[in-house]
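Heads up, the sequence shown is in my numbering, so the first residue is 12 and it goes up one at a time.
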Amino acid sequence: MAICSNNSNIKSIIFEFYCLFIWRILHILMTTQRRLKVQTIIQTRGFKLTQALQEYTHKRLAYAISFASEHVQRITVRLSDINGPRGGEDKRCKLVLKMQGMPSMVIEDTESNLYSAIDRAVERASRSLARILKRRHMYQISSSIIS
Numbered sequence: 012m013a014i015c016s017n018n019s020n021i022k023s024i025i026f027e028f029y030c031l032f033i034w035r036i037l038h039i040l041m042t043t044q045r046r047l048k049v050q051t052i053i054q055t056r057g058f059k060l061t062q063a064l065q066e067y068t069h070k071r072l073a074y075a076i077s078f079a080s081e082h083v084q085r086i087t088v089r090l091s092d093i094n095g096p097r098g099g100e101d102k103r104c105k106l107v108l109k110m111q112g113m114p115s116m117v118i119e120d121t122e123s124n125l126y127s128a129i130d131r132a133v134e135r136a137s138r139s140l141a142r143i144l145k146r147r148h149m150y151q152i153s154s155s156i157i158s
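Structure representation (structure tokens):
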């Protein structure tokens, strides 16, 4: 009898690991295919927008902003090369997030590399958006407690 119960325990443990494995694979597939459901406009000044740069910008925004996509109506990304061919720290990424029921958020970053400027601007926008939504949520909770 002890052998049978031990066998069923092993089967249930294997089944649990199998379920966790399948869940993890589905999670990875869903997060790698994440798309931002917010209208995104990418504008450039001083250079032509490549397909690779457009895809990179969309992916970075999808990973960083998707947690709050229901609060954001539109994202405008303005990429510019300030000094042209002279070089230096002159690649600018400006994000304008138009939000529902809140003022627009403007985040700007300038770097020597355009991809770095996009990364920093998107990360700053993500942190700011999380902070704003947290404050808004805390305000709504305190308002409902007082009422």
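Ideal placement from N, C-alpha and C gives every residue a C-beta, glycine not left out.
These numbers come from a predicted model, not from an experiment.
8 Å contact criterion, which residue i and residue j should meet: CB distance rounded
{"i": "Thr55", "j": "Leu90", "result": "5 Å"}
{"i": "Ile52", "j": "Arg103", "result": "Contact doesn't hold; Cβ gap of about 16 Å is too wide."}
{"i": "Val49", "j": "Val83", "result": "5 Å"}
{"i": "Leu106", "j": "Ala75", "result": "Contact flag wrong, Cβ pair sits at about 10 Å."}
{"i": "Asp130", "j": "Arg71", "result": "7 Å"}
Short Cβ contact (7 Å threshold) for residue i with residue j
{"i": "Ala79", "j": "Leu144", "result": "yes"}
{"i": "Ala132", "j": "Ile118", "result": "yes"}
Cβ neighbour criterion (16 or more within 10 Å) applied to residue i
{"i": "Ala63", "result": "exposed"}
{"i": "Arg138", "result": "exposed"}
{"i": "Leu140", "result": "buried"}
Residues near residue i in its chain [Cβ-Cβ closer than 8 Å; skip 5 each side]
{"i": "Arg142", "result": "none"}
{"i": "Ile93", "result": "Gly57, Asp101, Lys102, Arg103 and Thr121"}
{"i": "Phe28", "result": "none"}
{"i": "Tyr67", "result": "Tyr126 and Ile129"}
{"i": "Ser19", "result": "none"}
Practice task
Write down every uninterrupted run of the beta strand (DSSP E) in the stretch 64 to 100 whose length is 3 residues or greater and which is fully enclosed by it, in chain order.
Solution key: Within the stretch 64 to 100, the complete beta strand (DSSP E) runs of at least 3 residues are 83 to 92.
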